[in-house]
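Residue numbers (my numbering): 86 to 259.
Backbone N, C-alpha and C define an ideal beta-carbon position, used for all residues, glycine too.
What you are looking at is a predicted structure, and each value in this text was computed from that prediction instead of being measured.
As structure tokens, the structure follows; a few thoughts come after it.
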């Protein structure tokens, strides 16, 4: 794993290209990236085959949420496309990345103006990648629900998070 600089914001993403498309980004500070990776890897060992959050037994969801609460993240942002946008996946992905930069990364609590953002695109930070994947799964499965108890909701581990969609009028990566 490449070491993170203390003046970096490390962003780990999960891209789901299937309709309607979804880009999920979690951010950690560079100075806490190694600790975040260790905690996430320990908390999420054995979850790689998990394909549904809501089908997990309640006690398993509560255990995972409890274990993940100590992962030191800065926040999470999830952007979904709408079924009717008709936007090509690459166009939507760029629009979602633009939205993430404008709506999330520029407004992270505690972010210093000169902190650089580094999107991790290789296989480093596997624990954080698994956390991003599970978070994306939770966002897909619970997008229209309000009945998930806080102690079973993985989104509640984040100090700040947002889940939303790009409208059909959103730019497609211009």
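Item to check | Span separating the alpha-carbon of residue 93 from that of residue 115 | outcome: 5 angstroms
Next on the checklist: List, from N- to C-terminal side, the beta strand (DSSP E) runs of 3 residues or more that fit wholly inside the region 180–239.
Outcome noted: 201–205
Checklist entry - Which residues bound the alpha helix (DSSP H) around residue 129? => result 118–129
Checklist entry - Taking the beta strand (DSSP E) that residue 144 falls in, what are its first and last residues? => result Per DSSP, residue 144 belongs to no beta strand (DSSP E); it is in the alpha helix (DSSP H), 143–153.
Checklist entry - How far does the beta strand (DSSP E) with residue 101 in it reach, from first residue to last? => result 93–101
Checklist entry - For residue 165, which residues does DSSP report across the bridge? => result 107 and 250
Checklist entry - Around the Cβ of residue 143, are there at least 16 other Cβ atoms within 10 angstroms (buried) or fewer (exposed)? => result exposed
Checklist entry - Cα separation between residue 217 and residue 199? => result 25 angstroms
Next on the checklist: DSSP has residue 160 in a bridge; who is on the other side?
Outcome noted: 112
Next on the checklist: My assumption, with CB atoms under 8 angstroms, is that residue 193 sits in contact with residue 112. Please give the rounded CB distance.
Outcome noted: 6 angstroms
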